[in-house]
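Student: First, the structure itself, so that you have it in front of you.
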Amino acid sequence: MAATVPVITRSDQTWDFSCNLDVNFESEEHALIAYTSLAVDKELQPDKVRRVMSVSNNKLSVHFEAIEARLLRASFSAFVDVLTLATRTIQEFGQK
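What follows is the structure, encoded as structure tokens:
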């Protein structure tokens, strides 16, 4: 006898897992460069993971929500990898 696994549909989903990330930059311009660089990468599973970004007072703020902890971890980890690259690029080439 085969076990059945319930299929999660959009109406059944709950966004039980979330976290916030705030990154301070030297200037509003650097925060906006990071924001625009990262905004082009959309979530691969937008029905399971949400990411909302904003910039204010030299700070990039990111809010993540997911339906599973492992999806939140994977999304957050991938985002931090790209953020690290963007930040290093700004440090190297963004000086005036």
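The working numbering puts the sequence shown at residues 181 to 276.
Note that the Cβ used here is the ideal one computed from N, Cα and C, for glycine as well.
Among the residues of its own chain, which have a CB less than 6 Å from the CB of residue 197, if the five just before and after it don't count?
Tutor: 246, 249 and 252
Student: In chain order, what residues of the same chain have a beta carbon less than 6 Å from the beta carbon of residue 209, not counting five sequence neighbours either side?
Tutor: Hits under 6 Å: none found.
Student: Rounded to whole angstroms, what's the CA-CA distance from residue 214 to residue 255? Just pull it up for me.
Tutor: 17 Å
Student: Would you give the residue range spanned by the alpha helix (DSSP H) that residue 263 belongs to?
Tutor: 249-273
Student: Note down the Cα distance separating residue 269 from residue 200, rounded to an integer number of angstroms.
Tutor: 23 Å
Student: Whole angstroms are fine: how far does the CA of residue 239 sit from the CA of residue 285?
Tutor: The requested residue 285 does not occur in the structure, where the chain is confined to residues 181 to 276.
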